[in-house]
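Each protein sequence line maps, in turn, to chains L and D.
Oh and the first sequence: position 214 is 214 in full-length UniProt numbering, straight run, nothing missing.
Oh and the second sequence: position 134 is 134 in full-length UniProt numbering, straight run, nothing missing.
Cβ coordinates follow ideal geometry from the N, Cα and C atoms, glycine included.
For reference, the structure discussed in these notes is given below.
Protein chains: 2
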Amino acid sequence: MFNTLCVIGVGLIGGSVARTARVQNLAARIVGFGRDQDLANLQLAKQLGVIDEFYLDIAAAVAHADCVVIATPVATTAAVLGLLKPHWSAETVYTDVGSTKGSVLAAAEAVFGYVPDNLVPAHPIAGGEQSGVSAAVEGLFAHKRLIITPVAGTDAGALAKVQAFWQGLGSVVSLMDAQHHDSVLAATSHLPHVLAFALVDMLGHKDEQSEIFKYAAGGFKDFTRIASSDPTMWAAICTANKQEILPLIEQLRTELAKIHALLAADDYAQLFATFAYAQTARERFLEQFERPV
Amino acid sequence: MFNTLCVIGVGLIGGSVARTARVQNLAARIVGFGRDQDLANLQLAKQLGVIDEFYLDIAAAVAHADCVVIATPVATTAAVLGLLKPHWSAETVYTDVGSTKGSVLAAAEAVFGYVPDNLVPAHPIAGGEQSGVSAAVEGLFAHKRLIITPVAGTDAGALAKVQAFWQGLGSVVSLMDAQHHDSVLAATSHLPHVLAFALVDMLGHKDEQSEIFKYAAGGFKDFTRIASSDPTMWAAICTANKQEILPLIEQLRTELAKIHALLAADDYAQLFATFAYAQTARERFLEQFERPV
C-alpha cells in the first residue's frame, strides 16, 4: 500500500500500527521518529523488528514517507504538527490516533491556519493500560472500531487511502464529525477513566489509614483496571476534552445524589429499578461489543 | 469433616460451597433447601450432582445436618433464621455467606433475641456477576479471602469448626468484627457496585437517545462488568449496609467535585498528581490481590 510508513511516537499504539502494518504487508519500509529522550524506546523498537530504522531528526524521518502516523499523546499534537510543517508534502497522507479529535483540528488550525486537506484525523478505539513499544502487539486493532473525523475540506483521495490503511490494520471504520466523536468518547471512555481515578484516589488514602485493599475482590480489580492507565496521557485527554467531560462529571454527581436519596429514603423499588435498568443496558452494550460490525 | 452438610439456597455461592465440599471430602452427604419457586434450580442442582438431595421442608432439610450454610441473599437472612429457629440444634454449626455482616447479627437478634453461640457469620470475598446453580463452580473460594465476624458470645468450638470448613474450601480466613467488615466492604465492594450501576444507568439513557455504546471499548467492558450483577441482590446489600455506604457516596461526590474544579481551572499539575496517586495505589492493590496470603 505504501513504500515508506513513518510512525511518529513508537509506543503501545504506534508500535502496534507498525507491527500490524508489517504483517499485513501495508508498507515496504517502516521508520520511527522520536525525541532524544525516546532513544532507548526507539532502539528497542528497532531491535524487536517493529521498525526498520529510527530518526531523531524529523526531516530524515519523513523523507520519502507516503504515510505519516502521528501516535504521540494528544497534548503534543500541535508540537508534532509544528515539526512536520516545513516538510509537509502534498504527496503524503497524514493520520493520527488521538483520543480527542477537536483538539487535533484545533492544533492543525493553530499551526497551519487551516486543516491540511491530506490530514485525516483518526481514533482507534483500542489500547490498554500498558505503554511503550514493549506493549505493542500485532492485531491490536482487529475487529475494533476506528473513528475517522474528516472536515469539509478533507481530500477524498487522502480519506480513501487512510481509511483503507486502517481497514488493512483490521479496524472497523466509522466516519463522524469531530464534535460528535468527542461527545461520545467523553461518555464511554473519558468519564469512566475519571471515575476510576477518582475512586482509587479516594480509596487509596483510606487504604493508607487502615488496610482495605487486601479485602478487595475480582470485581474491584476489573472495575479499577483503567485507573492503572498512564496519568500523563489521561490528564492530557481530560484537558483536551474538558468541555465535554465537565458536564458529564456534573451529571454523574447528580446521578449519585439520586441513588443516595433513594437509599436514604429506603426506596427499595426505585433503587432496584435503577440497578435493573443498568444491568439491562450493560447487556445491550455487551451484545454490540461482541459483534462490532 | 461433617456427616451431613445442608446448604440453604443452592445458587452461585451455595452451589460452589457444595461442589467444593464434595471434591474436598468435607461432608459425607450434601443436601439443599429452597422455596417452592426454587424447585427447578434445586432439581438442576441434584441432576448436576451438586447436592445429593433437596427439600422444600426445612425440618427434613436440617434433620441430621451437622453444618448448615445459609447462602441466600442478605435480605432473606431473618426469614431463613425464623425457619431454622424451631429446629435449631446445639449439635450443629451454622454459618452464612452474606456480603453484609451487621445485618446478619441484627437478623439473629430479631429472631432469637440474641446471637446464637453456634452461628458463625462469614463472608467469602468471591463470586461473580452470574447467578444460579449453573454458575456454581468447584474451587470458587481457592486462595480467596473469607472474613469471619464472631461476636463476644461465639462458641470457640463452633468457630474452629466453621473456620476449618472454610479453609477446607480453599479460603484464606481473616477474623474481624462485623462493623469493621461492613466498613471495609462498603468501600471496596459496595461503593464500586453503586458507581457501576450509576454510570451505566446514566449512559444507558444517553445510548437510547444516540448510540454511544457501539463506540465503547474494552476498558468500558471491564469497568462496567459489575453493573451486570443481580440488581435484587445489590439493592438488598445497599439497603442492609446503607449506614456505611451513604457517607462514601457523599465522599465520592466530593472527590468528583475536586476533579471537576481542577479540570475547570486547567490545574494540570494537580490533576496529574491525583491520577498518578491513583495509578500507584492500584498497583499496591494488585500486589496484594495477586499474593493474598
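6 Å Cβ shell around residue 75(L) - same chain, five flanking residues per side excluded: Position 75 of the first sequence, counting from 1, holds the residue named residue 75(L). For residue 75(L), the CB contacts under 6 Å within the same chain, skipping 5 residues up- and downstream, are 236 in chain order.
In chain L, which residues lie with their C-beta within 7 Å of the C-beta of residue 231(D)? Your numbering for residue 231(D) matches position 231 in the second sequence. 272, 275, 276 and 279, listed in chain order.
May I ask you to report which of helix, strand or coil DSSP gives residue 10(D)? As a working mapping, residue 10(D) is identified with position 10 in the second sequence. Secondary structure of residue 10(D) (DSSP, three-state): coil.
Chain D contacts from the stretch 43-77 of chain L (Cβ-Cβ distance under 8 Å): If the cut-off is 8 Å between Cβ atoms, the stretch 43-77 of chain L has nothing near chain D.
Contact defined as beta carbons within less than 8 Å: I believe residue 199(L) pairs with residue 232(L). What is the distance between those atoms, to the nearest angstrom? As a position in the first sequence, residue 199(L) is number 199, starting the count at 1. As a position in the first sequence, residue 232(L) is number 232, starting the count at 1. Contact between residue 199(L) and residue 232(L) does not hold, since the beta-carbon distance rounds to 20 Å and is not under 8 Å.
Verify whether the separation of the beta carbon atoms of residue 100(L) and residue 278(L) is less than 8 Å. Numbered from its first residue, the first sequence carries residue 100(L) at position 100. Numbered from its first residue, the first sequence carries residue 278(L) at position 278. Cβ atoms of residue 100(L) and residue 278(L): not closer than 8 Å.
Just to confirm my understanding: we take residue 156(D), look at its own chain, exclude 5 residues before and 5 after, and list those with CB closer than 7 Å. What are they? By one-based count along the second sequence, residue 156(D) stands at place 156. Counting only Cβ-Cβ distances below 7 Å, and skipping sequence neighbours, we find nothing.
Quick one: residues in its chain with C-beta nearer than 6 Å to the C-beta of residue 206(L), no 5 flanking neighbours on either side, listed in chain order? Counting from one through the first sequence, the residue named residue 206(L) turns up at place 206. So the qualifying residues of the chain are 212.
For my contact list, residue 169(D) and residue 238(L) are in at a C-beta cut-off of 8 Å; report their separation, rounded to the angstrom. To locate residue 169(D), count along the second sequence from 1; it is residue 169. To locate residue 238(L), count along the first sequence from 1; it is residue 238. Contact flag wrong, Cβ pair sits at about 44 Å.
Tell me whether residue 215(L) is buried or exposed, calling it buried when 16 or more other Cβ atoms sit within 10 Å of its Cβ. Here the question's residue 215(L) lines up with position 215 in the first sequence. When all chains shown are included, residue 215(L) counts as buried.
Where the stretch 25-38 of chain L meets chain D: residues whose CB sits under 8 Å from a CB there: Flagged: no residues at all.
Kindly indicate if chain L contains any beta-carbon less than 8 Å away from that of residue 2(D). In the second sequence, residue 2(D) corresponds to position 2, counting from 1. Not one beta carbon of chain L lies nearer than 8 Å to the beta carbon of residue 2(D).
Name the two residues that bound the continuous alpha helix (DSSP H) containing residue 245(D). Here residue 245(D) refers to the residue found at position 245 of the second sequence. For residue 245(D), the uninterrupted alpha helix (DSSP H) run begins and ends at 242-264, by DSSP.
So, is residue 110(D) buried or exposed, given that buried needs 16 or more other C-beta atoms within 10 angstroms? As a working mapping, residue 110(D) is identified with position 110 in the second sequence. Counting the other CB atoms within 10 Å of its CB gives residue 110(D) a total below 16, which places it among the exposed residues.
Buried/exposed call for residue 114(L), threshold 16 Cβ in 10 Å: Taking the first sequence and counting its residues from 1, one reaches residue 114(L) at position 114. For residue 114(L), the number of other beta carbons within 10 angstroms of its own is below 16, and it is reported as exposed.
With contact counted as at least three CB pairs below 8 Å, one residue from each stretch, are the stretch 171-184 of chain D and the stretch 46-62 of chain D in contact? In short, these stretches do not touch, since the Cβ pair count stays below three.
State buried or exposed for residue 49(L), treating a residue as buried only when at least 16 other CB atoms are found within 10 Å of its CB. Counting from 1 along the first sequence, the entry for residue 49(L) is found at position 49. So residue 49(L) counts as exposed.
Just to confirm before moving on: does the CB-CB distance between residue 90(L) and residue 120(L) stay below 8 Å? As a first step, residue 90(L) must be located in the first sequence, where it is residue number 90. As a first step, residue 120(L) must be located in the first sequence, where it is residue number 120. No, Cβ-Cβ distance for residue 90(L) and residue 120(L) is not below 8 Å.
Distance check for residue 37(D) and residue 165(D), CA to CA, integer angstroms please. For the purposes of this step, residue 165(D) is taken as the residue at position 165 of the second sequence. For the purposes of this step, residue 37(D) is taken as the residue at position 37 of the second sequence. In a straight line, the C-alpha of residue 165(D) is about 29 Å away from that of residue 37(D).
Cβ pair residue 140(L), residue 229(L) closer than 8 Å: Here residue 140(L) refers to the residue found at position 140 of the first sequence. Here residue 229(L) refers to the residue found at position 229 of the first sequence. Cβ atoms of residue 140(L) and residue 229(L): not closer than 8 Å.
Under 7 Å (Cβ pairs) to chain L, residues found in the stretch 195-222 of chain D: Listed by position, the residues of the stretch 195-222 of chain D near chain L (Cβ gap below 7 Å) are 195, 196, 197, 198, 199, 200, 201, 202, 203, 204, 206, 207, 212, 213, 214, 215, 216, 217, 219, 220, 221 and 222.
What residue does the alpha helix (DSSP H) around residue 180(D) start on, and which one ends it? Numbered from 1 along the second sequence, position 180 holds the residue referred to as residue 180(D). 178-185 is the extent of the alpha helix (DSSP H) around residue 180(D).
On the criterion of 16 or more Cβ atoms from any shown chain inside 10 Å, does residue 124(D) qualify as buried, or is it exposed? Translated into positions along the second sequence, residue 124(D) becomes position 124. With a 10 Å radius around the Cβ and a threshold of 16 neighbouring Cβ atoms, residue 124(D) comes out buried.
Return the CA-CA distance between residue 182(D) and residue 188(D), expressed in angstroms with no decimal places. The residue labelled residue 182(D) in the question sits at position 182 within the second sequence. The residue labelled residue 188(D) in the question sits at position 188 within the second sequence. Rounded to the nearest whole angstrom, the C-alpha separation of residue 182(D) and residue 188(D) is 10 Å.
Indicate the three-state DSSP secondary structure (helix, strand or coil) for residue 116(L) in the structure shown. For this step, residue 116(L) is matched to residue 116 along the first sequence. Here residue 116(L) sits in coil by DSSP.
Alpha carbon to alpha carbon, what distance is there between residue 93(D) and residue 64(D)? Position 64 of the second sequence, counted from the start, is the residue given in the question as residue 64(D). Position 93 of the second sequence, counted from the start, is the residue given in the question as residue 93(D). Spanning the two alpha carbons is a distance of roughly 12 Å.
Near residue 42(D), which residues of its chain fall below 7 Å by C-beta distance, leaving aside the five closest residues on each side in sequence? Taking the first residue of the second sequence as 1, we reach residue 42(D) at position 42. 10, 32, 34 and 54.
Determine the direct distance from the alpha carbon of residue 88(D) to that of residue 77(D), and round the result to whole angstroms. Position 77 of the second sequence, counted from the first residue, corresponds to residue 77(D). Position 88 of the second sequence, counted from the first residue, corresponds to residue 88(D). Spanning the two alpha carbons is a distance of roughly 15 Å.
Range of the contiguous beta strand (DSSP E) that encloses residue 33(L): If you number the first sequence from 1, residue 33(L) lands on position 33. For residue 33(L), the enclosing beta strand (DSSP E) covers residues 27-33.
Check the C-beta distance from residue 256(D) over to residue 252(L) and give it rounded, since I have them as a contact under 8 Å. Start at 1 with the first residue of the second sequence, and residue 256(D) comes out as number 256. Start at 1 with the first residue of the first sequence, and residue 252(L) comes out as number 252. In this structure residue 256(D) is in contact with residue 252(L), their Cβ atoms being roughly 7 Å apart against a cut-off of 8 Å.
Any beta-carbon of chain D closer than 8 Å to the one on residue 255(L)? For the purposes of this step, residue 255(L) is taken as the residue at position 255 of the first sequence. Cβ-Cβ to chain D under 8 Å: yes for residue 255(L).
Residue 7(D) CB to nearest chain L CB: under 8 Å? The sequence position of residue 7(D) within the second sequence is 7, counting from 1. Cβ-Cβ to chain L under 8 Å: no for residue 7(D).
Can you tell me which of the three DSSP states residue 175(L) falls into? Along the first sequence, one-based indexing puts residue 175(L) at 175. In the structure shown, residue 175(L) sits in a strand (DSSP, three-state: E or B).
Any non-hydrogen atom of the ligand NAP closer than 7 Å to residue 9(L) Cβ: With respect to small molecules bound, the structure shown includes none, and the ligand NAP cannot be examined in it.
Cβ pair residue 21(D), residue 27(D) closer than 8 Å: Here residue 21(D) is taken as the residue at index 21 of the second sequence, counted from 1. Here residue 27(D) is taken as the residue at index 27 of the second sequence, counted from 1. Taking 8 Å as the Cβ cut-off, residue 21(D) and residue 27(D) qualify as a contacting pair.
Quick check: what's the CA-CA separation for residue 267(D) versus residue 281(D)? Here residue 267(D) corresponds to residue number 267 of the second sequence, with the count starting at 1. Here residue 281(D) corresponds to residue number 281 of the second sequence, with the count starting at 1. Approximately 21 Å, taken between the alpha carbons.
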